[in-house]
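Report on the structure given below.
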Amino acid sequence: ASAVPEIKREVPNILVTGTPGVGKSTLCAKLAEITEMRWLEISKIAIENGCLEEYDEVYKCPVLDEDKLMDGLEEIMRHGGNIVDYHSCEFFPERWFDAVYVLRADTATLYDRLKARGYEGKKLEDNIDCEIFQVILEEAKSSYKEGIVFEITSLTEAQLHENIEKICLWVQKWFQDHPT
Ligand code: DAT
11 ASAVPEIKRE
21 VPNILVTGTP
31 GVGKSTLCAK
41 LAEITEMRWL
51 EISKIAIENG
61 CLEEYDEVYK
71 CPVLDEDKLM
81 DGLEEIMRHG
91 GNIVDYHSCE
101 FFPERWFDAV
111 YVLRADTATL
121 YDRLKARGYE
131 GKKLEDNIDC
141 EIFQVILEEA
151 KSSYKEGIVF
161 EITSLTEAQL
171 HENIEKICLW
181 VQKWFQDHPT
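Take 11 as the starting number for the sequence shown in UniProt numbering and just add one per residue.
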């Protein structure tokens, strides 16, 4: 039995995940603006709250203290209204999310975006491989119920707007299905 009493959320929580460079921040920023939900950039929150354990020299990125981070986010997640933005998704509690959007990109686009961000060598190759082998999509499918995982692409402005529309419709439907 969990020590945390469940609260019925009045606003849903959404997870936006995918390989770095697929367009998560771009989508989340816009979505947060339109829905007035809270955009939680996990990488930034981890830094601001001292939730980094060590630095991975191979991948040139910090390793999260996941337990500390989850404990710190529990309260805010219980009340809902959050858009969580992170390039991994398996360590979050399943009960936190009402929808999981996995952003996908083609190799050429992702390569250009990551190059422009200064990624190179192994870090660049590994992130491209991660996308080719749909690592995050598989992670999402094995961590969350099939019906709440949605695969989307956001390569162009037009697709960005289509995705925003689609997610806003999903949010509207969620409110209809969860009357207060
Ligand atoms: P992520 O947060 O997944 O790392 P991002 O939002 O920072 O990705 O986007 C990476 C780059 O791609 C950035 O330069 C903006 C661009 N981009 C993202 N989504 C886009 C879209 N739908 N149309 C055009 N450019 C986009």
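Beta carbons: idealized from backbone N, C-alpha and C, even for Gly.
According to the neighbour-count rule (16 or more other Cβ atoms, all chains shown, within 10 Å of its Cβ), is residue i buried or exposed?
i: residue 11; result: Confidence is the limiting factor: at residue 11 the pLDDT is only 49, short of 50, which leaves the residue's position unreliable, though a coordinate-based value still follows. Residue 11 comes out exposed.
i: residue 152; result: exposed
i: residue 45; result: buried
i: residue 97; result: buried
i: residue 183; result: exposed
i: residue 131; result: exposed
i: residue 59; result: exposed
i: residue 27; result: buried
Does the beta carbon of residue i fall short of 6 Å from some heavy atom of ligand 1?
i: residue 32; result: yes
i: residue 170; result: yes
i: residue 35; result: yes
i: residue 27; result: no
i: residue 117; result: no
i: residue 163; result: no
i: residue 19; result: no
i: residue 149; result: no
i: residue 114; result: no
i: residue 167; result: yes
i: residue 105; result: no
Taking the alpha-carbon positions, what's the residue i to residue j distance?
i: residue 92; j: residue 188; result: 16 Å
i: residue 86; j: residue 24; result: 13 Å
i: residue 78; j: residue 61; result: 6 Å
i: residue 159; j: residue 65; result: 31 Å
i: residue 104; j: residue 112; result: 15 Å
i: residue 42; j: residue 175; result: 13 Å
i: residue 124; j: residue 20; result: 37 Å
i: residue 171; j: residue 36; result: 11 Å
i: residue 48; j: residue 29; result: 21 Å
i: residue 134; j: residue 118; result: 12 Å
i: residue 67; j: residue 155; result: 34 Å
i: residue 101; j: residue 74; result: 11 Å
i: residue 107; j: residue 128; result: 32 Å
i: residue 121; j: residue 110; result: 24 Å
i: residue 180; j: residue 162; result: 14 Å
i: residue 83; j: residue 185; result: 23 Å
Quick check on the DSSP output: the beta strand (DSSP E) that includes residue i runs from which residue to which?
i: residue 185; result: Per DSSP, residue 185 belongs to no beta strand (DSSP E); it is in the alpha helix (DSSP H), 167-187.
i: residue 92; result: 92-96
i: residue 142; result: First-last for residue 142: 131-142, but that is the alpha helix (DSSP H), not the beta strand (DSSP E).
i: residue 127; result: Counting along the chain, residue 127 falls outside any beta strand (DSSP E), and DSSP gives it neither H nor E.
i: residue 27; result: 24-27
Counting along the chain, where does the alpha helix (DSSP H) carrying residue i start and finish?
i: residue 145; result: 145-153
i: residue 163; result: Run containing residue 163: none in the alpha helix (DSSP H); it sits in the beta strand (DSSP E), 159-163.
i: residue 43; result: 34-45
i: residue 56; result: 52-58
i: residue 85; result: 76-88
Can you check whether the C-beta of residue i is within less than 7 Å of a C-beta belonging to chain C?
i: residue 96; result: Absent from the structure: chain C. Only one protein chain is present.
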